[in-house]
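For the sequence shown, our numbering begins at 121 and goes up steadily by one.
Glycine is no exception: its CB is placed at the ideal position from the N, C-alpha and C atoms.
These notes are about the structure you will find just below.
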Amino acid sequence: MRQIDNFINGEFIASGSGRRFEKRSPVDNQVIASIAEAGQAEVDQAVAAAKNALSGEWGQISTNERVDLLYGVADEITRRFDDFVSAEMADTGQPRHVMTHAFIPRGAANFKVFADIIKNVPTESFHMDTPDGKGALNYGIRVPKGVIGVIAPWNAPFLLMTWKVGPALACGNTVVVKPSEETPLTATLLGEVMNKVGMPKGVYNVVNGFGPDSAGEFVTRHNDVDAITFTGETRTGSTIMKAASDGIRDVSFEMGGKNAGIVFADCDFDKAVDGIFRSAFLNTGQVCLGTERVYVERPIFEKFVAALKDKVESVNLGRPTDEGVNYGPLISQEHRGKVLSYYQKAKDDGATIVTGGGIPDMPAELAEGAWIQPTIWTDLPESSAIIQEEIFGPCCHIRPFDSEAEVIDLANASDYGLSTTIWTENLTRAHRVAARVEVGITWVNSWFLRDLRTAFGGAKQSGIGREGGVHSLEFYTEMRNVCIKM
Ligand code: NAD
């Protein structure tokens with residue numbers, strides 16, 4: 121069993137209080153790690169280390185040296201690729217190919233992409249006329265914002281945490297990371313990487329624990345944390361925003377979604393089925409960008425439902441390390457309870473269960489895991505909680521539509537506005553619909569195709585601010601203007 125401590129000022133330390141909590145495997149519910157829970161004292165220590173680092177060696181090094189260090193981090197992650205893959209598989213129970221193709225390489229890329237951006241980004245400059253005819257020159261300089269509190273979720277732990285740590289460090293900040301209590305392993309491994317490449321002490325800190333009355337709340341309430349970047353549930357974001365209002369600290373929020381997939385009859389049918397299958401069921405449906413509402417144009421509705429059912433029924437559940445396994449469990453028993461309560465609601469609301477709807481039969485050694493059947497429903501009214509609320513499980517509801525105007529209204533009838541995926545071979549229609557769906561990210565004939573230079577974030581209750589590419593600089597730096605009178 122792994123012993124996981126907090127990483128503060130370059131050292132792994134347990135909590136002074138001696139408090140620890142258990143991490144259980146989603147696959148079989150066995151305890152796989154004992155985690156030191158950070159109390160107020162450890163969070164104070166971590167924030168102080170992060171603050172001191174800003175005025176120490178880290179605050180003095182050149183951009184080129186910083187860029188070299190971040191490249192070093194990415195290279196060391198790649199060198200220890202197998203360790204990261206194993207740790208993330210142990211925490212999440214998701215299959216190896218999800219780790220090796222997406223989550224770990226993209227995590228490493230987060231350090232290189234933002235190192236490149238910070239090296240190449242220009243600032244603005246304006247020449248200004250003045251009454252004496254001599255003029256003035258204005259120019260912007262970007263400075264780090266300070267200590268950034270990073271509050272991360274469990275669904276793609278390493279990818280989502282580095283998506284914040286990469287740009288934060290590239291911009292010269294220091295971080296105190298609070299990984300999800302469900303998935304502390306890769307944030308801890310990253311501490312080893314930081315030490316190996318010679319990252320100055322205190323630049324990267326990790327405090328483990330929960331949200332309320334634990335490390336999460338202590339970080340977000342801390343007055344020396346200058347800004348907070350958070351990915352997680354909208355409800356949690358609302359609590360964090362209140363905490364951030366003390367001291368008027370900036371926030372960047374990536375939160376929940378209830379994303380619509382829109383399939384027109386003129387789509388490339390097989391590609392659309394594949395695309396919606398991925399968007400609804402990848403990572404056992406635990407993807408913020410995932411599709412839980414599918415709208416299919418009536419002429420292909422029945423055929424589409426049947427084809428998606430076939431694909432869903434072909435998944436292979438099992439241990440992530442086993443050959444041929446392509447589908448994992450939910451993150452925890454607790455989360456399974458939540459998802460199953462929606463499965464019950466669907467029944468109560470009169471859904472037709474096309475496939476799934478319960479707990480699968482698993483071999484005895486996996487019977488205690490958080491396994492759940494991937495599920496498709498039809499025939500629910502749009503007012504049902506299944507259509508309105510984020511479930512965050514492997515499930516979708518499919519409904520037919522008759523016109524473009526109707527499906528745009530259906531897609532927009534949500535408090536959330538994170539992403540959408542549109543399937544059509546009519547390019548004019550694709551542009552037209554993409555401009556009218558109220559979301560931060562639209563994919564056409566694709567899903568989860570991410571160019572890290574582009575703006576990423578949600579509309580409505582799905583987020584505040586944009587991260588990605590130069591947009592990250594808006595949050596991770598303070599822009600100063602210098603005005604020089606000639
Ligand atoms: P969560 O909100 O329960 O927890 C996220 C993090 O916040 C955890 O580290 C948790 O310990 C911490 N936390 C909880 N309460 C807190 C408090 N009061 N103060 C400070 N920290 C607190 O979310 P989750 O269940 O880990 O993740 C799933 C959610 O994340 C889903 O809603 C999903 O849509 C969303 N998500 C969004 C994106 C995006 O980019 N928009 C990406 C991934 C996940």
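What is the C-beta distance between residue i and residue j, in whole angstroms, given that I count them as a contact (C-beta under 8 Å)?
i: residue 382; j: residue 540; result: 7 Å
i: residue 172; j: residue 325; result: So it is not a contact: roughly 11 Å between Cβ atoms.
i: residue 595; j: residue 588; result: Actually they do not touch by this definition, with Cβ atoms about 11 Å apart.
i: residue 359; j: residue 303; result: Not confirmed; about 20 Å, so no contact.
i: residue 550; j: residue 542; result: 6 Å
Taking 6 Å as the limit between beta carbons, can you name the residues of its chain near residue i, skipping five residues before and five after?
i: residue 418; result: 520 and 522
i: residue 363; result: 340 and 341
i: residue 401; result: 494 and 514
i: residue 478; result: 493
i: residue 275; result: 406
i: residue 347; result: 265, 268, 369 and 370
i: residue 162; result: 126, 135 and 327
i: residue 279; result: 223, 226 and 227
i: residue 254; result: 606
i: residue 453; result: 490
Below 7 Å CB to CB, which residues in the same chain sit around residue i once its five sequence neighbours on both sides are set aside?
i: residue 528; result: 553, 556 and 557
i: residue 103; result: With the chain running from 121 to 606 in the structure shown, residue 103 is simply not present.
i: residue 604; result: 256 and 257
i: residue 357; result: 350, 373 and 375
i: residue 192; result: 317
i: residue 178; result: 294, 320 and 323
i: residue 393; result: 424, 427, 428 and 431
i: residue 219; result: 205, 208 and 209
Given a cut-off of 7 Å on the beta-carbon distance, is the pair residue i and residue j in contact?
i: residue 349; j: residue 372; result: yes
i: residue 158; j: residue 436; result: no
i: residue 405; j: residue 514; result: yes
i: residue 471; j: residue 497; result: yes
i: residue 264; j: residue 293; result: yes
i: residue 194; j: residue 228; result: yes
i: residue 579; j: residue 559; result: yes
i: residue 507; j: residue 413; result: yes
i: residue 224; j: residue 246; result: no
i: residue 234; j: residue 286; result: yes
i: residue 301; j: residue 330; result: yes
i: residue 448; j: residue 214; result: yes
i: residue 431; j: residue 384; result: no
i: residue 207; j: residue 309; result: yes
i: residue 602; j: residue 259; result: yes
i: residue 387; j: residue 198; result: no
i: residue 530; j: residue 415; result: yes
i: residue 486; j: residue 148; result: yes
i: residue 290; j: residue 297; result: no
i: residue 94; j: residue 516; result: With the chain represented from 121 up to 606, any question about residue 94 goes unanswered, as that position is not in the structure.
Classify residue i as helix, strand or coil using the three-state DSSP reduction.
i: residue 563; result: strand
i: residue 409; result: coil
i: residue 500; result: coil
i: residue 418; result: helix
i: residue 473; result: strand
i: residue 591; result: helix
i: residue 151; result: strand
i: residue 263; result: strand
i: residue 449; result: coil
i: residue 81; result: Residue 81 is absent from the model: the chain starts at 121 and stops at 606.
i: residue 245; result: strand
i: residue 319; result: coil
i: residue 431; result: helix
i: residue 356; result: helix
i: residue 240; result: helix
i: residue 254; result: coil
Residues in the same chain with beta-carbon distance under 8 Å from residue i, minus the five sequence neighbours each way, listed in chain order, please.
i: residue 142; result: 151, 153, 154 and 155
i: residue 598; result: 262, 263, 264 and 265
i: residue 139; result: 156, 157 and 159
Buried or exposed: which applies to residue i, given that a residue is buried once 16 or more other Cβ atoms fall within 10 Å of its Cβ?
i: residue 569; result: exposed
i: residue 232; result: buried
i: residue 189; result: buried
i: residue 165; result: buried
i: residue 101; result: The requested residue 101 is not part of the displayed model; the chain covers only 121 to 606.
i: residue 217; result: exposed
i: residue 420; result: buried
i: residue 242; result: exposed
i: residue 185; result: exposed
i: residue 196; result: buried
i: residue 476; result: buried
i: residue 600; result: exposed
i: residue 248; result: exposed
Using a Cβ cut-off of 7 Å (strictly closer), state whether residue i contacts chain B.
i: residue 427; result: Checking the listed chains, one finds no chain B in this structure; it contains a single protein chain.
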